[in-house]
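Only one structure is covered here, and it is reproduced in the block below.
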């Protein structure tokens with residue numbers, strides 16, 4: 180198994196863990212609109228994680244992850260800043276989600292570029 184595949188599996192596992200924490204934050208932080216929105220958006224990360232693991236040779240999965248996680252990471256960072264400044268709450272789970280996005284997006288870019296080289 181080459182490094183690209185190992186990294187993709189790692190990214191997929193991170194996304195599945197991120198899904199669990201996205202949904203579980205409803206129990207920790209309540210049902211505010213931004214928490215519900217993050218849980219719904221984060222639920223899609225499970226699908227992306229599974230796709231990354233099972234379809235290791237598909238460039239479209241990498242592209243989907245790059246686009247969706249960049250959007251999610253940007254929204255998560257905005258949410259983190261807003262919650263920190265307006266409610267004075269340091270949301271560890273939200274910070275974790277942003278860090279996962281920062282890790283997974285470059286992995287998917289790397290994987291996409293390596294798959295393009297094969298073609």
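Numbering (this note's numbering), first residue to last: 180 to 298.
For glycine and all other residues, C-beta sits at the position ideal for the given N, C-alpha and C.
Taking 9 Å as the cut-off, the beta carbon of residue 198 is found closer than this to the beta carbon of residue 224. Around the beta carbon of residue 264, fewer than 16 other beta carbons sit within 10 angstroms, so the residue counts as exposed.
Distances from the alpha-carbon of residue 289 to those of 272, 244, 257 put 244 closest.
The way I'd put it, the region 269 to 281 does touch the region 195 to 210; three or more beta-carbon pairs between them come closer than 8 Å.
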